[in-house]
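A.B. asks: Below are the structure tokens for one structure; questions will follow.
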Amino acid sequence: MSSAYEAVYARSLKEPERFWADAAEALHWDRRWDRVFDDSRKPYYRWFVGGTLNTCYNALDLHIERGRGKQPALIYDSPVTGTVRAYTYRELRDEVAQFAGALRNLGVEKGDRVLIYMPMVPEAAIAMLACARLGAVHSVVFGGFAPKETASRIDDARPKLILSASCGIEVNRVIPYKPLLDQAIELARHKPDRCVILQRPQQKAPLIRGRDLDWQDVQAGAAPVDCVPVAATDPLYILYTSGTTGIPKGVVRDNGGHAVASHWSMENIYGIGAGEIMWTASDIGWQVGHSYIVYAPLLKGATSLLYEGKPIGTPDAGAFWRVISQHRVNVFFTAPTAFRAIKKEDPRGEHIGRYDLSRFRALFLAGERSDPDTLQWAQTRLGVPVIDHYWQTETGWPVLANCVGLGLLPIKPGSPAKPMPGWDLHILDENGHESPRGQIGNIVARLPMPPGALTTLWNNDSGFEKSYLSHYPGYYLAGDAGYQDEDGYFYVMSRIDDIINVAGHRLSTGGMEEVLAGHPDVAECAVVGVADEVKGAIPVGFVVTKAGVTRGAADIVPELVERVRQTIGPVAAFKTAVVIKRLPKTRSGKILRGTMKKIADGTEFAVPATIDDPAILDEIAEALKTIGYPKNR
Ligand code: COA
Ligand code: AMP
Numbered sequence: 002m003s004s005a006y007e008a009v010y011a012r013s014l015k016e017p018e019r020f021w022a023d024a025a026e027a028l029h030w031d032r033r034w035d036r037v038f039d040d041s042r043k044p045y046y047r048w049f050v051g052g053t054l055n056t057c058y059n060a061l062d063l064h065i066e067r068g069r070g071k072q073p074a075l076i077y078d079s080p081v082t083g084t085v086r087a088y089t090y091r092e093l094r095d096e097v098a099q100f101a102g103a104l105r106n107l108g109v110e111k112g113d114r115v116l117i118y119m120p121m122v123p124e125a126a127i128a129m130l131a132c133a134r135l136g137a138v139h140s141v142v143f144g145g146f147a148p149k150e151t152a153s154r155i156d157d158a159r160p161k162l163i164l165s166a167s168c169g170i171e172v173n174r175v176i177p178y179k180p181l182l183d184q185a186i187e188l189a190r191h192k193p194d195r196c197v198i199l200q201r202p203q204q205k206a207p208l209i210r211g212r213d214l215d216w217q218d219v220q221a222g223a224a225p226v227d228c229v230p231v232a233a234t235d236p237l238y239i240l241y242t243s244g245t246t247g248i249p250k251g252v253v254r255d256n257g258g259h260a261v262a263s264h265w266s267m268e269n270i271y272g273i274g275a276g277e278i279m280w281t282a283s284d285i286g287w288q289v290g291h292s293y294i295v296y297a298p299l300l301k302g303a304t305s306l307l308y309e310g311k312p313i314g315t316p317d318a319g320a321f322w323r324v325i326s327q328h329r330v331n332v333f334f335t336a337p338t339a340f341r342a343i344k345k346e347d348p349r350g351e352h353i354g355r356y357d358l359s360r361f362r363a364l365f366l367a368g369e370r371s372d373p374d375t376l377q378w379a380q381t382r383l384g385v386p387v388i389d390h391y392w393q394t395e396t397g398w399p400v401l402a403n404c405v406g407l408g409l410l411p412i413k414p415g416s417p418a419k420p421m422p423g424w425d426l427h428i429l430d431e432n433g434h435e436s437p438r439g440q441i442g443n444i445v446a447r448l449p450m451p452p453g454a455l456t457t458l459w460n461n462d463s464g465f466e467k468s469y470l471s472h473y474p475g476y477y478l479a480g481d482a483g484y485q486d487e488d489g490y491f492y493v494m495s496r497i498d499d500i501i502n503v504a505g506h507r508l509s510t511g512g513m514e515e516v517l518a519g520h521p522d523v524a525e526c527a528v529v530g531v532a533d534e535v536k537g538a539i540p541v542g543f544v545v546t547k548a549g550v551t552r553g554a555a556d557i558v559p560e561l562v563e564r565v566r567q568t569i570g571p572v573a574a575f576k577t578a579v580v581i582k583r584l585p586k587t588r589s590g591k592i593l594r595g596t597m598k599k600i601a602d603g604t605e606f607a608v609p610a611t612i613d614d615p616a617i618l619d620e621i622a623e624a625l626k627t628i629g630y631p632k633n634r
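All the letters of the sequence shown, read from the start, carry residue numbers 2 to 634 under the numbering used here.
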């Protein structure tokens, strides 16, 4: 099939205002915009200025008015609790409107922040949509973070209210959420007025009198409320993501641009029309979950699937195929790490044959680089196109992709293909010159970014400019290195900062170093992301103890592991460290993390000419052997 992609992309750059105005026609606007695009406050570009709309209205009520009231909007499939529950558009709208009424009774109004710390249950999506209905700004915190991370988000967002649940379920373990929330509030300087707790039957939580309320009680007495129109430029949500230090960045997403870009992406990128079924196996705490479990499928009038389970172990490596078959999923989206986990357990893909996957049309992968092996394994066994696409919390929707809806371009394993509309992407060298084709450089986007991309960092315009816009004036610095080939395909190869991708989760090694450095015995440390067969990368610590410390690795390492778990959370998957005499450094004192990674990975490396003491590298290799690295030797 020939692709309309090139013409669509060219038009988006040539006449961006007409392109996005056309896309915006699909939505309901309470007031039409005065200007599609406003660049009067560079570098703070705004889309659909003067327009008002409500994202929840466009995600729910509009479809009921268009006759989709009886169509499933959300299907909750939870192998960990043995539950399958579907909500039609009407049922979901009614739940959301009533819960929005409950929030309003608790004093939540337009512009107030509400923090959501919840497992993968439908109430989490209902809570997000209820905030959007009121024009309140939600900030969802992923359940696998430790209280300190939640506390830093509470202090930055200053929520009026926190919504949480008594527990989450990880395969077969019940994880009490409430004690983690209580600790987070204890640690935070800002205190919310109230916490509303969903009591799950697997483990109920004691409520604190005067502060905590039972979800069912607040919802039961509430009257449904209508949607509050907000400015297109008003924030819909804040989503915190790892920065290059331990301090998270609060990415701000607006209402108008987000709705337009999300809606456009459904049919054109994913090939999903109204009434069709999309399943994104991620978590609502991540950007992928915000965009493609909650907002975009509903804005399109499609059916979205919310899955509380894992690719393996709930109950087996056939879990994904069971869900796709049972719910007649058309398009499925997850992270490559999930496929590596399945491939390890079911290398021949025998579970696949047990299910009817006849409705399944395409698999999308993102969150980390799709290694060609995994992509080809999936493609061969599933017999559908497997599409690697690239995006970030900051961008909100794909920057690079291969569009099913426009007619696929040839798939090149290892490449997430070509830029999406409005993303004027370039590869620049350190001096700001365009890198020749095939040569690696920094991935940047010429400003303005299209609708849907972050508008700033919450309470931190200067951080926004410093992190993303100051490196190359006039460009957004993505933070990834890559190259473009002769056919214009992009390849995203690595981060240019300390961010690592652990099982598709974005984490800062700098943040982990801060935690290790806080241990009383530690003088100096480094954390490096080492290649892992399933998770892509896992962090390994290197610590030097203070003079006079006689305790060895056997005592110190378990304490370090526990510290990272308690401070950042289990999601960091920090499980190993070595104690060494010195860190390898250049003569100017820069820690040679890249060389340490290569030793741990067992890849070839040249001893850096600037190293102050080459003998330390042998000591590191010996220490790594004691914890089983490199793995492939
Ligand atoms: N609440 C509480 N704890 C959580 C959690 C949550 N929502 N999510 C993860 N954790 C915990 C896990 O229980 C685990 O704890 P442990 O060290 O005590 O075992 C730890 O955090 C790491 O979790 P995870 O990264 O999920 O690793 P895993 O070994 O349990 O599973 C995969 C590995 C590959 C199966 C899993 O990461 C996966 O399915 N990934 C899909 C990728 C994805 O969703 N990416 C998001 C962007 S698209
Ligand atoms: P997050 O903000 O958590 O979505 O993480 C975004 C980061 O994940 C990007 O900056 C990349 O480093 C990485 N990433 C996401 N998708 C891809 C992809 N398809 N190929 C390579 N890296 C990716």
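Each residue gets a CB set at the ideal place from its N, CA and C atoms; glycine is no exception. Since the model is a prediction, treat every value here as computed from it, not as a measurement.
Between L366 and D389, which are expected to be in contact by the criterion C-beta below 8 Å, what is the C-beta distance as a whole number of angstroms?
C.D. replies: 5 Å
A.B. asks: What number of angstroms, rounded off, separates the C-alpha of Y46 from the C-alpha of L455?
C.D. replies: 10 Å
A.B. asks: Taking the alpha carbon of P585 as the point to measure from, which residue in I617, R154 and G603 has its own alpha carbon closest?
C.D. replies: I617
A.B. asks: Report back the beta-carbon spacing between P521 and A574 to the nearest angstrom; my notes put them in contact at under 8 Å.
C.D. replies: No, P521 and A574 are not in contact; Cβ-Cβ is about 24 Å, not under 8 Å.
A.B. asks: Cα-Cα, which of S283, Y391 and K547 is closest to A482?
C.D. replies: When only C-alpha atoms are compared, the closest one is Y391.
A.B. asks: Taking the alpha helix (DSSP H) that G453 belongs to, which residues open and close that run?
C.D. replies: No alpha helix (DSSP H) contains G453, which DSSP labels as neither H nor E.
A.B. asks: Closest to A342 by C-alpha separation, out of F361, L364, G319 and G530, would be which residue?
C.D. replies: G319
A.B. asks: In the DSSP output, what is R86 paired with across the bridge?
C.D. replies: Y77
A.B. asks: If the criterion is Cβ atoms closer than 7 Å, does the pair A137 and V109 meet it?
C.D. replies: yes
A.B. asks: Going by beta carbon distance, what residues of the same chain come within less than 8 Å of P177, once the five residues before and after it are set aside?
C.D. replies: S167, C168, Q204 and A206
A.B. asks: In the DSSP assignment, find the unbroken beta strand (DSSP E) run with M494 in it and report its ends.
C.D. replies: F491 to R496
A.B. asks: Only counting the same chain, and skipping five residues up and downstream in sequence, which positions put a Cβ closer than 7 Å to that of R159?
C.D. replies: R114 and H191
A.B. asks: Using the Cα positions of I294 and S589, report the straight-line distance between them to the nearest angstrom.
C.D. replies: For I294 and S589, the distance between alpha carbons rounds to 48 Å.
A.B. asks: By DSSP's criteria, N443 is part of a beta bridge. Which residues make up the other side?
C.D. replies: L429 and A482
A.B. asks: When every heavy atom of the ligand COA is checked, does at least one fall within less than 6 Å of the C-beta of A402?
C.D. replies: Checking the 6 Å criterion, the Cβ of A402 is out of range of every heavy atom belonging to the ligand COA.
A.B. asks: Relative to the C-alpha of G553, which residue among K582, Q377, Y308 and R94 is closest?
C.D. replies: Measuring from the Cα of G553, the nearest candidate turns out to be K582.
A.B. asks: By the 10 Å Cβ neighbour count, where 16 or more other Cβ atoms means buried, how is M279 classified, buried or exposed?
C.D. replies: Under this definition M279 is a buried residue.
A.B. asks: Is the beta carbon of A147 sitting closer than 7 Å to the one on T546?
C.D. replies: no
A.B. asks: From what residue to what residue does the beta strand (DSSP E) around A363 run?
C.D. replies: A363 to L366
A.B. asks: Taking all protein chains shown into account, do 16 or more other C-beta atoms lie within 10 angstroms of the C-beta of G68, making it buried, or fewer, making it exposed?
C.D. replies: Answer is exposed; the Cβ neighbour count stays below 16.
A.B. asks: Please classify M494 as buried or exposed, where buried requires at least 16 neighbouring CB atoms within 10 angstroms.
C.D. replies: exposed
A.B. asks: Alpha helix (DSSP H) containing N502: first to last residue?
C.D. replies: Counting along the chain, N502 falls outside any alpha helix (DSSP H), though it belongs to the beta strand (DSSP E) covering I500 to V503.
A.B. asks: Taking 6 Å as the cut-off, is the C-beta of T242 nearer than that to any heavy atom in the ligand AMP?
C.D. replies: yes
A.B. asks: What residue range is occupied by the uninterrupted beta strand (DSSP E) comprising P236?
C.D. replies: P236 to T242
A.B. asks: Taking 6 Å as the cut-off, does the CB of S283 come closer than this to any heavy atom belonging to the ligand COA?
C.D. replies: The answer is yes for S283.
A.B. asks: Measuring from the CB of Y391, is there a heavy atom of the ligand AMP at a distance below 6 Å?
C.D. replies: yes
A.B. asks: Can you tell me whether K311 sits near the ligand COA, meaning its C-beta is under 6 Å from at least one heavy atom of the ligand?
C.D. replies: Within the cutoff, so yes.
A.B. asks: How is M119 classed by DSSP in three states: helix, strand or coil?
C.D. replies: coil
A.B. asks: For P420, does the three-state DSSP call read helix, strand or coil?
C.D. replies: Three-state DSSP puts P420 in a strand.
A.B. asks: Just list the beta strand (DSSP E) runs in the region 505-584, keeping only unbroken ones of 3 residues or longer that don't cross its boundaries, in chain order.
C.D. replies: 506-509, 523-533, 537-546 and 577-580
A.B. asks: Using 7 Å as the threshold, is the C-beta distance between S305 and P316 below it?
C.D. replies: no
A.B. asks: Taking C-beta to C-beta, are S4 and G314 nearer than 7 Å?
C.D. replies: In this structure, the beta-carbon distance from S4 to G314 does not fall below 7 Å.
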